[in-house]
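What follows is a short report on a single structure.
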Amino acid sequence: MTPRFLALALGACIAGPASAAISSVDLSNYRLVATYDLPAVQASEASAVTWNWDSDSLFVLGDEGDYIVEVNKQGQQLSVMNLFGFDDTEGLTYIGGGQFVITEERLQDAYVFSYQAGGAIGRGTLASVSIGATVGNVGIEGISYDPLNGHFIAVKEKTPQALYDTTLDFTNGTAGVTSLVTPANPFSQLFGTADLSDVQVLSTIASLRGTADQDNLLIISQESSRLLEVSRDGTVLSQFDFSAIAGDAEGITIDGKGFIYVVGETPSLYVLAPVPEPEAVALLLAGLGLVGVAARRRTH
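The numbering of the sequence shown is our numbering, which starts it at 3 and goes up by one.
Here it is as structure tokens:
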């Protein structure tokens, strides 16, 4: 049996479970399966990414606030939309019907807009809501829409770190902000991380609705190179060490099959997928008659 065939068999074992609907998320079972370059000009210093469940594509935001880029799941550009008047854009989330919400870190404001491929939008023309007072470079770093209740979960980077449940009324320009986890002091580290860079709710995955995981969150810390699964009361449920992969990863999303997409400032797109336990791999190899082959190769 050739090494290439063995690799294909293992690849099928990894891809199989991830291609089906998932019933839970455990980051300890995830592995990096691909790294792709993002369009260098439009997605310069990629700071946020969100999955559009209607188009099954990804949308990437750069922190310079000049473009939003639609890419496929291999990071290849599909379309682009110009932004004008924005600065320090760090948060992006899809809310359905072709609409997105974008946030600026220092102003801590949120804006709603409809994406138009090849089009352009100016900040001054959009309905907006203030999530908090203007601060330095420690404000809103990420936001994620919860389709179950229409709320938004947002993270504040530091000084203090914060995890918010927010309601955004763009018609009336008002917001309701509830702190899910109360910082002990301005320098507290809510999850033992140096910063909070982005957040993703798991309720966007249809197969998780009605399960114990539906209300859980994915939170990434760029400075600590850690990806966390947490409950809304702040309990860390599972985690993934990103330190051996990249030190600039700061945006996160997840698609309907459980693939996790992380963007870094390089700009790069990192793809994580749930893989089976070693016992499952052994069973697959046994079923293919490869266990003995692998064992014989190791003895030579």
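From the three backbone atoms N, C-alpha and C, an ideal C-beta is built for every residue, glycine too.
DSSP beta-bridge partners of residue i
i, result
"arginine 211", "Bridge partners of arginine 211: none, in fact."
"leucine 229", "Ile222 and Phe242"
"alanine 164", "Lys158"
"phenylalanine 2", "Since the first and last residues shown for the chain are 3 and 302, residue 2 lies out of range."
"leucine 271", "Tyr38 and Val265"
"asparagine 54", "Ser59"
"proline 185", "DSSP, once it has assigned bridges, lists no residue as partnering proline 185."
"serine 132", "Asp111"
"glycine 120", "In the DSSP output, where bridge partners are listed per residue, glycine 120 has none listed."
"glycine 141", "None, per the DSSP bridge assignment."
For residue i, three-class secondary structure by DSSP
i, result
"leucine 109", "coil"
"serine 199", "coil"
"threonine 304", "What the structure shows of the chain is the stretch from 3 to 302, and residue 304 is not part of that stretch, so it cannot be assessed."
"leucine 192", "coil"
"asparagine 31", "helix"
"alanine 282", "Summary for alanine 282: the model assigns pLDDT 48, below 50, so the residue's position carries little reliability; its value from the coordinates is reported in the next sentence. Helix, per DSSP."
"serine 26", "coil"
"serine 49", "strand"
"threonine 255", "strand"
"leucine 150", "coil"
"threonine 169", "strand"
"threonine 180", "strand"
"leucine 12", "With a pLDDT of 46 at leucine 12, under the threshold of 50, the predicted position of this residue should be treated as unreliable, and no value is reported."
Endpoints, beta strand (DSSP E) assigned at residue i
i, result
"threonine 127", "It is not in any beta strand (DSSP E) - threonine 127 carries neither H nor E in the DSSP assignment."
"leucine 94", "91-98"
"leucine 60", "59-64"
"glutamine 79", "79-86"
"valine 73", "69-73"
Distance CB(residue i)-CB(residue j) smaller than 8 Å
i, j, result
"leucine 204", "lysine 158", "no"
"glutamine 163", "proline 185", "yes"
"valine 264", "alanine 36", "no"
"tyrosine 96", "tyrosine 166", "no"
"serine 226", "leucine 29", "no"
"glutamate 92", "serine 81", "no"
"valine 51", "threonine 255", "yes"
"arginine 228", "threonine 268", "no"
"phenylalanine 88", "glycine 67", "yes"
"methionine 83", "isoleucine 145", "no"
"isoleucine 24", "glycine 260", "yes"
"serine 59", "glycine 253", "no"
"alanine 251", "phenylalanine 242", "no"
"glycine 77", "tyrosine 38", "yes"
"phenylalanine 86", "isoleucine 104", "no"
"leucine 219", "isoleucine 155", "yes"
"arginine 125", "tyrosine 113", "yes"
"leucine 109", "threonine 136", "yes"
"phenylalanine 193", "isoleucine 222", "no"
"glycine 100", "valine 183", "no"
"threonine 168", "valine 140", "no"
"arginine 211", "leucine 128", "no"
"leucine 34", "isoleucine 247", "yes"
Cβ contact (3+ pairs, closer than 8 Å) linking the region 57-76 and the region 174-183: no
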